[in-house]
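Remarks on the structure that follows.
There are 2 protein chains.
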Amino acid sequence: MITETKISLSEQTRERLLAAARVVFSESGFQNATVREICRRAEVNIAAVNYYFNSKEALFAATLNFEPLLTLCKQINQGSTCAQERLLNFIHDFLMQLLDEKEFSVQCQFMARELAEPTPVLGKIVQEAIAPIHQFVANLVREIVGKKISEAELRRCVFSIFGQCMYYRHGQPVIQRLHPKLRYDHREIEAIAKHIGDFSLAGLKQIAQNQCP
Amino acid sequence: MITETKISLSEQTRERLLAAARVVFSESGFQNATVREICRRAEVNIAAVNYYFNSKEALFAATLNFEPLLTLCKQINQGSTCAQERLLNFIHDFLMQLLDEKEFSVQCQFMARELAEPTPVLGKIVQEAIAPIHQFVANLVREIVGKKISEAELRRCVFSIFGQCMYYRHGQPVIQRLHPKLRYDHREIEAIAKHIGDFSLAGLKQIAQNQCP
DNA sequence: TTTACTTTAAAACAAACGTTTGATACACTT
DNA sequence: AAGTGTATCAAACGTTTGTTTTAAAGTAAA
Chain H
1 MITETKISLS EQTRERLLAA ARVVFSESGF QNATVREICR RAEVNIAAVN
51 YYFNSKEALF AATLNFEPLL TLCKQINQGS TCAQERLLNF IHDFLMQLLD
101 EKEFSVQCQF MARELAEPTP VLGKIVQEAI APIHQFVANL VREIVGKKIS
151 EAELRRCVFS IFGQCMYYRH GQPVIQRLHP KLRYDHREIE AIAKHIGDFS
201 LAGLKQIAQN QCP
Chain A
214 MITETKISLS EQTRERLLAA ARVVFSESGF QNATVREICR RAEVNIAAVN
264 YYFNSKEALF AATLNFEPLL TLCKQINQGS TCAQERLLNF IHDFLMQLLD
314 EKEFSVQCQF MARELAEPTP VLGKIVQEAI APIHQFVANL VREIVGKKIS
364 EAELRRCVFS IFGQCMYYRH GQPVIQRLHP KLRYDHREIE AIAKHIGDFS
414 LAGLKQIAQN QCP
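As you go down the protein sequences, you meet chains H and A in turn.
Counting in my numbering, the first sequence runs from 1 upward without gaps.
Counting in my numbering, the second sequence runs from 214 upward without gaps.
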């Protein structure tokens with residue numbers, strides 16, 4: 001049992017490091033985040049990063065866990081509603097994970113940040129998270145607009161939906177200056193989700209009409 | 214006249230510095246761009262940056278010139294077509310400036326980059342460029358959907374339009390991995406502009422219906 | 001207690017950054 | 001011809017970064 005205590009102590013610092021890393025990385029991004037700041041918040045020595053993980057980059061990779069994002073897609077797929085309804089649900093849940101600061105879902109923010117400033121682990125993130133949920137939305141869109149849509153146009157529809165969602169996160173520094181009073185509270189996120197949902201469904205319907213006139 | 218020669222030589226290095234800075238800043242962003250790289254490309258000494266400008270930041274501020282972006286808005290306003298048509302024109306021209314690598318319009322890319330990684334001159338950029346063109350699009354949207362729309366909903370419409378456009382630039386590293394063959398040539402940009410235009414006009418019509426049922 | 005191993009700690013390392021220095025070359029004025 | 005101010009240059013400065021080192025402390029087994 002003493003062994004367990006020792007391991008658990010060691011695991012404690014490892015976990016503290018991971019927790020602090022998640023926070024700092026999501027706040028400052030991979031590049032701006034410093035190992036010193038992470039260790040300071042975790043209250044561990046600077047050398048701990050290279051002791052438990054081998055590098056800052058490996059620590060960053062270790063903080064990645066996109067399961068909640070992917071289970072979101074699965075759960076929505078299991079719901080037996082129509083494609084339109086599922087798309088609305090996805091937009092809502094995705095925005096919640098993306099914008100709600102209270103909810104613990106830093107993974108989504110990593111994904112968002114990676115779009116703008118790619119890090120060495122971008123490949124992993126694209127493969128494990130971004131590609132699957134893009135595919136998920138692409139499937140929904142194809143169901144909605146019909147199978148006659150071309151690959152290129154389908155891709156643009158997916159980009160239109162993600163672009164609208166991501167702008168609220170990417171543009172946050174700018175949006176904050178344009179509209180200082182705007183806060184992403186629960187009510188605002190609901191309103192944004194409804195807007196993007198309505199806007200996109202109407203857009204998709206138009207694209208569908210363009211395809212088979 | 215000898216004085217003129219001397220001054221013009223001096224101006225030459227100053228201009229070479231500015232030109233190189235525009236390129237490097239737009240390629241790598243403010244933070245990632247190094248003074249050494251800028252000077253290397255301009256073929257001037259490192260000290261030139263702090264000699265002609267006082268700092269890297271002031272050099273960056275000196276590269277900013279949003280006139281072409283604002284004249285774009287004015288030109289579109291002078292056209293006497295309907296609001297829908299003017300919005301389509303704006304989306305097209307904006308995307309051209311944003312995505313076309315051949316056309317020399319780094320300013321738009323600065324604006325885009327600033328969204329994701331704000332620099333100390335973000336305030337200036339928001340004030341001089343982003344706020345005006347957001348206002349420009351907001352006016353167009355209000356013309357299209359009618360005056361009953363709330364400020365909040367109007368804001369979301371503008372974000373939807375810019376979000377769609379910006380995603381192609383912000384998401385470029387990711388998009389490149391998702392669709393390696395995709396290139397932003399002239400034809401592709403035209404297709405993107407048409408897609409976002411159709412998608413958005415349909416979205417706006419839907420929002421208008423929501424407002425006055 | 002002694003031994004072997006793991007974990008922590010402070011300090012130093014090497015590299016990269018923006019910036020500054022001090023010397024040098026040049027053009028122009030007096 | 002001497003003096004003045006400007007432009008350029010190589011070199012170094014002071015920080016900050018991720019990483020490594022080296023030794024001490026702690027822990028479990030012999």
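Don't be surprised by glycine CBs; every beta carbon is placed ideally from N, CA and C.
Across the structure, A/Glu401 and A/Glu314 are spaced so that their CA atoms are roughly 13 Å apart. Within the region 253 to 277 of chain A, the runs of alpha helix (DSSP H) that reach at least 4 residues and sit entirely inside it are, in chain order, 261 to 265 and 269 to 276. Taking a C-beta cut-off of 7 Å against chain H, none of the residues of the region 273 to 294 of chain A qualify. Interface flag for A/Val387 against chain H is set, since a Cβ pair is found closer than 8 Å. One thing to note: A/Leu230 has its Cβ within 8 Å of the Cβ of A/Tyr265. With its beta carbon less than 8 Å from one in chain H, A/Pro331 belongs to the interface. Approximately 6 Å separates the beta-carbon atoms of A/Val334 and A/Phe273; this is inside 8 Å, confirming the contact. Sequence-distant Cβ neighbours of H/Glu143 in its own chain, meaning closer than 7 Å and more than five residues away, are Ala83. In this chain, the alpha helix (DSSP H) harbouring A/Phe372 covers Glu364 to His383. H/Gly163 counts as buried, since at least 16 other C-beta atoms from the protein chains shown sit within 10 angstroms of its C-beta.
Here A/Ile259 is exposed: its Cβ has fewer than 16 other Cβ atoms, across all protein chains shown, within 10 Å. The C-beta of A/Glu366 comes closer than 8 Å to at least one C-beta of chain H. Using a C-beta cut-off of 8 Å, the region 124 to 135 of chain H makes contact with the region 379 to 394 of chain A, since at least three inter-stretch Cβ pairs fall below that distance. H/Met96 does not reach chain A, its nearest Cβ partner there being about 16 Å away, counting only Cβ pairs nearer than 7 Å.
Between the region 35 to 42 of chain H and the region 62 to 79 of chain H there are fewer than three inter-stretch CB-CB distances shorter than 8 Å, so the stretches are not counted as touching. Of A/Ala261, A/Leu417 and A/Phe243, the smallest CA-CA separation from A/Gly359 is found for A/Leu417. Any Cβ of chain H closer than 8 Å to the Cβ of A/Tyr397 would place that residue at the interface, and such an atom is absent. About 12 Å separates the beta carbons of H/Leu70 and H/Asp93, which is beyond the 8 Å limit, so they are not a contact pair. Per DSSP, reduced to three states, the secondary structure at A/Pro386 is helical. Under the Cβ distance rule, A/Gly359 does not count among the residues neighbouring chain H, no pair being separated by less than 8 Å. No residue range can be given for A/Leu395, since it is assigned to no alpha helix (DSSP H) and is classified by DSSP as neither H nor E. Per the C-alpha coordinates, the member of A/Arg235, A/Ile405 and A/Lys407 positioned closest to A/Gln322 is A/Arg235.
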